[in-house]
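Numbering (the working numbering), first residue to last: 627 to 1035. Before any comments, here is the structure.
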Amino acid sequence: MSPTKFRTGACLAALLLMTATIAYGELRIVNNPAGDGALAPALVEMPGDAGIVLSWLEKHDDEHAFRFSVFAEGRFSESREIARGRDWFANWADTPGIHVRSDGAWLAHWLEKSAESTYAYDVRMVHSPDGGKHWSRPQTPHTDGTPTEHGFVSYFTAGRGRTGMVWLDGRETLSEPGGEHEHAGFMTLRTASIGTDGTPGPERLIDDRVCDCCQTASAVTATGPIVAYRNRTEDEIRDIAVVRKTADGWTEPRLVHADGWKIGGCPVNGPSMIARDTRVIVAWFTLADGVPRVRFAISEDAGATFGEPITRSAGSALGRVQLAWTRDGFVLAWMEETDGSARMRLAQYSPDGALQRDRILARIDRGRISGFPQIAVQGDQLLLAWTTAGDADENRRTRIMTGRLQLPE
């Protein structure tokens, strides 16, 4: 497909999207510097309402480039390159990301193949002391050296200039020919503390049996870090759990809610979490009892316990949830199915979970091509990023779309 044909298709798609969303009121498309073929968008809020960082991958011949741009004052900056290379693992669900520290330093990570097996890849990370202008040499936070899956990274602020990194680690899933164990082990959840200069410290095991390919989410409460993820029991119940770091180390996993979703494989649909002081909000997708639902639950004691969940889109939910704080509450975004396609919904809540507003943000491809849509808030502006594509042929090219929404008072 020619570039002209793609641009025409992309412009038409954008026009149709704008027409659909303007009918609901407020989403406005914002041009961004991501090029044709871009995928895997991620949004990160900068401290002090300084802006929102959009990062993504671009494919150039046999290489991938990891790039970013800062959204501030209603527009995106020129993009900068973090890294590029061959043999990267570019995926719709396990995506690169950036962590912005309050001291102006940044961390960034991407995924790099370690062997020919499809899901044999490592986390590679770099450090920038000056807000993304210069980057260190890549390092790997895990030292096992196994050709297994390592990814689904999330970050938390660890204090004294350090950053916590959490990831799914597949080292125990590797079968050893002639070994003592008849079967390979399970996916694990691990963490490491990244120093002020970007050097990773020793790894720690958090949970030795978790779901294989659902996103993790990390945050910090008044009492310390908290991590949310999809757990996995011996009976293949895969509900959302949290662990908290205390003075005695990491706590035992505790379910946010016992949905009882029994599934023999990974649904690729992880949680989202936000925390402020002692309040923690976790959102997730479940298909327990055969009914698709999006749910969220609120904790008032830093994640030690959670209240009863609130359910949205029962019967039509697709999940891919996102949470963000607003000035006077929080917003929840998710995907739901409608007439064979999908749409992004946004609900605005008061701090205690009372629904204030509910709207449709955009119509979106229900398949993997759309990835995991992202939201972030700066002041009274919400930014939405997602992936779309040109004509549905075998050379289909992706493109990252961004839209801005004015949040009502």
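Yeah, the Cβ is synthetic: ideal placement off N, Cα and C, and Gly gets one too. Source: prediction; values computed, not measured.
Neighbourhood of residue 836 by C-beta distance below 7 Å, restricted to the same chain and skipping five residues each side
Here residue 836 is taken as the residue at index 210 of the sequence shown, counted from 1. Excluding its 5 nearest sequence neighbours in each direction, residue 836 has C-beta neighbours in its own chain below 7 Å: 794, 813, 814, 815, 855, 856, 857 and 858, listed in chain order.
Less than 9 Å separating the beta-carbons of residue 726 and residue 672?
-> The residue you call residue 726 lines up with position 100 of the sequence shown. The residue you call residue 672 lines up with position 46 of the sequence shown. One thing to note: residue 726 has its Cβ within 9 Å of the Cβ of residue 672.
(message) Only counting the same chain, and skipping five residues up and downstream in sequence, which positions put a Cβ closer than 6 Å to that of residue 609?
(response) Outside the displayed range of the chain (627 to 1035) lies residue 609, so it cannot be described from this structure.
Please determine if the region 669 to 685 and the region 766 to 774 are in contact, where contact requires at least 3 C-beta pairs separated by less than 8 Å. No, the region 669 to 685 does not touch the region 766 to 774.
- Query: Does the Cβ-Cβ distance between residue 891 and residue 954 come in under 9 Å?
  - Reply: In the sequence shown, residue 891 corresponds to position 265, counting from 1. In the sequence shown, residue 954 corresponds to position 328, counting from 1. Against a cut-off of 9 Å, the Cβ pair of residue 954 and residue 891 comes out as no contact.
Is the beta carbon of residue 991 closer than 9 Å to that of residue 1032? Position 406 of the sequence shown, counted from the start, is the residue given in the question as residue 1032. Position 365 of the sequence shown, counted from the start, is the residue given in the question as residue 991. Taking a C-beta distance under 9 Å as the contact criterion, residue 1032 and residue 991 do not qualify as a contact pair.
Report the three-state DSSP secondary structure of residue 798 (helix, strand or coil).
One-based indexing of the sequence shown puts residue 798 at position 172. Reduced to three states, the DSSP call for residue 798 is helix.
Output needed for residue 700: all residues of its chain with C-beta closer than 6 Å, excluding positions within five of it in sequence on either side, in chain order. Start at 1 with the first residue of the sequence shown, and residue 700 comes out as number 74. Once the five neighbours on either side are set aside, residue 700 has no close Cβ partner at all.
- Message: Am I right that residue 958 and residue 949 are in contact with their C-beta atoms under 8 Å? What's the rounded C-beta distance?
- Response: As a first step, residue 958 must be located in the sequence shown, where it is residue number 332. As a first step, residue 949 must be located in the sequence shown, where it is residue number 323. Residue 949 and residue 958 do touch by the CB rule: their CB atoms are close to 6 Å apart, below 8 Å.
TODO: Take the Cβ of residue 1035 as the centre, count every other Cβ of all protein chains shown within 10 Å, and call the residue buried at 16 or more, exposed below.
DONE: Position 409 of the sequence shown holds residue 1035. Exposed: under 16 other Cβ atoms inside 10 Å.
- prompt: What's the C-alpha gap between residue 740 and residue 714?
  reply: Stepping through the sequence shown from its first residue, residue 740 is reached at position 114. Stepping through the sequence shown from its first residue, residue 714 is reached at position 88. Looking at the two C-alpha atoms, the distance is approximately 9 Å.
- Query: Tell me, which residues are paired with residue 814 by DSSP?
  - Reply: The residue given as residue 814 occupies position 188 in the sequence shown. Per DSSP, the beta-bridge partners of residue 814 are 795.
Between 659, 719 and 721, which lies nearest to residue 706 when the distance is taken from Cα to Cα? Position 80 of the sequence shown, counting from 1, holds the residue named residue 706. Taking residue 706 as reference, the option from 659, 719 and 721 with the minimal CA-CA separation is 659.
* If residue 896 and residue 841 are in contact, beta carbons under 8 Å, what's the gap, nearest whole angstrom? -> Residue mapping note: residue 896 aligns to position 270 of the sequence shown, counting from 1. Residue mapping note: residue 841 aligns to position 215 of the sequence shown, counting from 1. About 3 Å separates the two Cβ atoms, so the contact holds.
Taking CB distances under 9 Å as the criterion, tell me whether residue 965 reaches chain D. The structure shown has no chain D; it contains just one protein chain.
Looking at the unbroken beta strand (DSSP E) that takes in residue 605, where does it start and where does it end?
-> For residue 605 there is no data in the structure shown, the boundaries of the chain being 627 and 1035.
From residue 694 to residue 968, what does the alpha carbon distance come to, in whole angstroms?
Here residue 694 corresponds to residue number 68 of the sequence shown, with the count starting at 1. Here residue 968 corresponds to residue number 342 of the sequence shown, with the count starting at 1. C-alpha separation (whole angstroms): 27 Å.
Worksheet item: When the Cα atoms are used, what is the spatial distance from residue 983 to residue 738?
Response: Start at 1 with the first residue of the sequence shown, and residue 983 comes out as number 357. Start at 1 with the first residue of the sequence shown, and residue 738 comes out as number 112. Cα-Cα distance, rounded: 41 Å.
DSSP on residue 915, reduced to helix/strand/coil?
The residue you call residue 915 lines up with position 289 of the sequence shown. Residue state, collapsed to three classes: helix.
Using 9 Å as the threshold, is the C-beta distance between residue 870 and residue 851 below it? The sequence position of residue 870 within the sequence shown is 244, counting from 1. The sequence position of residue 851 within the sequence shown is 225, counting from 1. Yes; because the gap between Cβ atoms is below 9 Å, this pair is in contact.
Indicate whether residue 787 and residue 821 have their beta-carbon atoms separated by less than 9 Å.
Residue numbering aside, residue 787 sits at position 161 when the sequence shown is read from its first letter. Residue numbering aside, residue 821 sits at position 195 when the sequence shown is read from its first letter. For residue 787 and residue 821, yes; Cβs fall inside 9 Å.
Problem set entry | Cβ-Cβ separation, residue 935 to residue 922 (assumed contact under 8 Å), whole Å | As a working mapping, residue 922 is identified with position 296 in the sequence shown. As a working mapping, residue 935 is identified with position 309 in the sequence shown. Cβ atoms of residue 922 and residue 935 come within 8 Å of each other, at about 6 Å.
Checklist entry - Got a sec, what are the start and stop residues for the beta strand (DSSP E) residue 869 sits in? => result Along the sequence shown, read from residue 1 onward, the residue named residue 869 stands at position 243. 866 to 872 is the span of the beta strand (DSSP E), which, as asked, contains residue 869.
Problem - Reduced DSSP category for residue 674 - H, G, I as helix; E, B as strand; rest coil - result: As a first step, residue 674 must be located in the sequence shown, where it is residue number 48. Helix.
Alpha carbon to alpha carbon, how far is residue 826 from residue 691?
-> What you label residue 826 is simply residue 200 of the sequence shown in a count that begins at 1. What you label residue 691 is simply residue 65 of the sequence shown in a count that begins at 1. Per the coordinates, the alpha-carbon of residue 826 lies some 23 Å from the alpha-carbon of residue 691.
For the beta strand (DSSP E) holding residue 986, just list the boundary residues, first then last. Here the question's residue 986 lines up with position 360 in the sequence shown. For residue 986, the enclosing beta strand (DSSP E) begins and ends at 981 to 990.
Query raised in the report: Assuming residue 773 contacts residue 743 under a Cβ cut-off of 8 Å, what Cβ separation, rounded to an integer in Å, is found between them?
Result: Locating residue 773 in the sequence shown gives position 147, where the first residue counts as 1. Locating residue 743 in the sequence shown gives position 117, where the first residue counts as 1. With a contact defined as Cβ atoms closer than 8 Å, residue 773 and residue 743 qualify at about 6 Å.
Using DSSP bridges, identify the partner residues of residue 725.
In the sequence shown, counting from the first residue as 1, residue 725 sits at position 99. According to the DSSP secondary-structure assignment, residue 725 is paired through a beta bridge with 733.
In terms of residues, what are the limits of the beta strand (DSSP E) holding residue 708? One-based indexing of the sequence shown puts residue 708 at position 82. Run containing residue 708: 706 to 711, per the beta strand (DSSP E) assignment.
Exercise. Locate the beta strand (DSSP E) running through residue 753, then write down its first and last residues.
Key: One-based indexing of the sequence shown puts residue 753 at position 127. For residue 753, the enclosing beta strand (DSSP E) has its first and last residue at 747 to 754.
Inter-residue Cα distance where the pair is residue 853 and residue 843: If you number the sequence shown from 1, residue 853 lands on position 227. If you number the sequence shown from 1, residue 843 lands on position 217. Straight-line measurement puts the Cα of residue 843 at about 6 Å from the Cα of residue 853.
* Asked: Which two residues bound the contiguous beta strand (DSSP E) that contains residue 833?
  -> Numbered from its first residue, the sequence shown carries residue 833 at position 207. Secondary structure note for residue 833: its beta strand (DSSP E) is the uninterrupted segment 826 to 833.
Of all the options 946, 989, 947 and 783, which has the alpha carbon lying nearest to the alpha carbon of residue 966? Residue 966 sits at position 340 when you count from the first residue of the sequence shown. Cα-wise, what sits closest to residue 966 is 989.
| query | So the beta strand (DSSP E) residue 766 belongs to, where does it begin and stop? | reply | If you number the sequence shown from 1, residue 766 lands on position 140. Where residue 766 is concerned, there is no enclosing beta strand (DSSP E), given that its DSSP letter is neither H nor E.
task: Assuming residue 697 contacts residue 674 (C-beta within less than 8 Å), just tell me the rounded distance between them.
output: On the sequence shown, residue 697 is found 71 positions in, with the first residue counted as 1. On the sequence shown, residue 674 is found 48 positions in, with the first residue counted as 1. Not a contact, Cβ separation roughly 15 Å.
C-alpha gap between residue 866 and residue 722, whole angstroms | Translated into positions along the sequence shown, residue 866 becomes position 240. Translated into positions along the sequence shown, residue 722 becomes position 96. The straight-line gap from Cα to Cα measures roughly 22 Å.
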